[in-house]
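Residue numbers (the numbering used here): 163 to 480.
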């Protein structure tokens with residue numbers, strides 16, 4: 163399996179209980195038997211979707227240990243897809259037949275009911291689209307590698323059922339970033355580059371993409387242009403616009419680590435690694451790639467949290 167991760171949503175773990183549970187699950191046949199009930203299967207004939215765990219490595223456990231750096235899980239989402247053209251072809255015929263029997267054109271409610279009936283009838287014939295969502299588990303963090311809030315919620319609920327919260331403590335908190343991350347990326351956007359720490363060891367540099375939202379709800383998307391240019395910079399100074407997304411480059415000790423887009427809701431996306439040692443890692447080496455990504459992503463999260471905390475300590479309004 164080729165492991166490619168370009169986005170993640172981080173969560174805070176209040177204890178190491180879940181990380182420890184994953185370590186036991188990777189080794190214990192007893193725990194593996196429990197996980198067996200939560201593996202991915204195709205949706206039943208009456209279901210539109212299903213989800214569950216699958217092994218991130220060939221012929222391996224659903225929980226894979228990345229040499230103590232993190233534990234890797236892989237979620238598989240199975241969604242039945244019904245081509246609109248197929249549905250509409252039958253829907254038009256059924257609507258015409260029903261209209262003829264009723265002696266008049268169908269109203270909106272009748273058409274909606276008929277559409278639902280046709281979709282239910284065609285459900286078993288719909289093809290299944292599969293997508294994978296990796297999950298990286300650390301002692302204090304949980305990274306769900308998707309930007310979809312609904313998928314994150316489904317995975318968290320599934321993990322709680324899997325571990326049985328009565329036996330395994332699983333207190334997960336979404337980072338409280340209301341205003342905080344927005345202040346961080348706004349600060350970086352206005353300064354162009356933001357150094358943090360006593361020795362300037364961490365540096366976030368503004369890139370060439372940004373999304374800002376005005377007090378009038380107007381959204382402006384900027385791409386392939388310097389966000390500190392003369393025509394854009396004034397928008398960030400008058401206080402009428404708030405930065406909701408910013409493309410940034412992260413450097414640690416003057417070494418580039420990654421380029422990514424950081425959103426005000428603490429979602430990391432469009433990740434491109436740079437300056438990261440990848441010797442010996444091939445595209446199909448899931449273990450080595452997973453270890454490399456786990457190490458780098460943890461650095462990104464910790465440095466971002468450090469930047470947010472230092473901004474608060476400096477008295478910046480968050």
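Every residue, glycine too, gets a C-beta built ideally from N, C-alpha and C.
- Three or more beta-carbon pairs drawn from the segment 395 to 406 and the segment 337 to 356 are found closer than 8 Å, and the two stretches are therefore classed as touching.
- In the structure shown, the three-state DSSP call for residue 380 is coil.
- DSSP places residue 399 in the uninterrupted alpha helix (DSSP H) bounded by 395 to 399.
- For residue 212, the beta-bridge partners assigned by DSSP are 240.
- CA-CA distance, residue 250 to residue 395, rounds to 49 Å.
- The shortest CA-to-CA distance from residue 204 to any of 232, 291, 258, 268 is the one to 291.
- With a beta-carbon spacing of about 6 Å, residue 213 and residue 237 fall inside the 8 Å limit used to define contacts.
- Here residue 330 is near residue 183, since their CB atoms are less than 8 Å apart.
- In the same chain as residue 332, and ignoring 5 residues on each side of it, the C-beta atoms closer than 6 Å to its own belong to 180, 322, 325, in chain order.
- Taking a C-beta distance under 8 Å as the contact criterion, residue 307 and residue 297 qualify as a contact pair.
- Sorting 244, 304, 208 by C-alpha distance to the C-alpha of residue 289 places 244 at the top.
- Annotation: residue 200 to residue 215 spans about 6 Å, alpha carbon to alpha carbon.
- In the structure shown, the three-state DSSP call for residue 463 is helix.
- Residue 305 and residue 281 have their C-alpha atoms spaced approximately 36 Å apart.
- Between the alpha carbons of residue 277 and residue 197 lies a distance of about 38 Å.
- No Cβ-Cβ contact shorter than 8 Å links residue 431 with residue 207.
- Contact between residue 428 and residue 337 holds, since their C-beta atoms are separated by about 5 Å, short of 8 Å.
- Rounded to whole angstroms, the gap between the alpha carbons of residue 229 and residue 381 is 44 Å.
- At a Cβ-Cβ threshold of 8 Å, residue 469 and residue 364 count as neighbours.
- Here residue 307 carries a coil assignment [DSSP, helix/strand/coil].
- When the alpha-carbon of residue 386 is set against those of 399, 369, 295, 376, the nearest one is in 369.
- Taking every protein chain shown into account, the CB of residue 295 has 16 or more other CB atoms within 10 angstroms, so this residue is buried.
- Here residue 447 carries a coil assignment [DSSP, helix/strand/coil].
- In the structure shown, the three-state DSSP call for residue 343 is helix.
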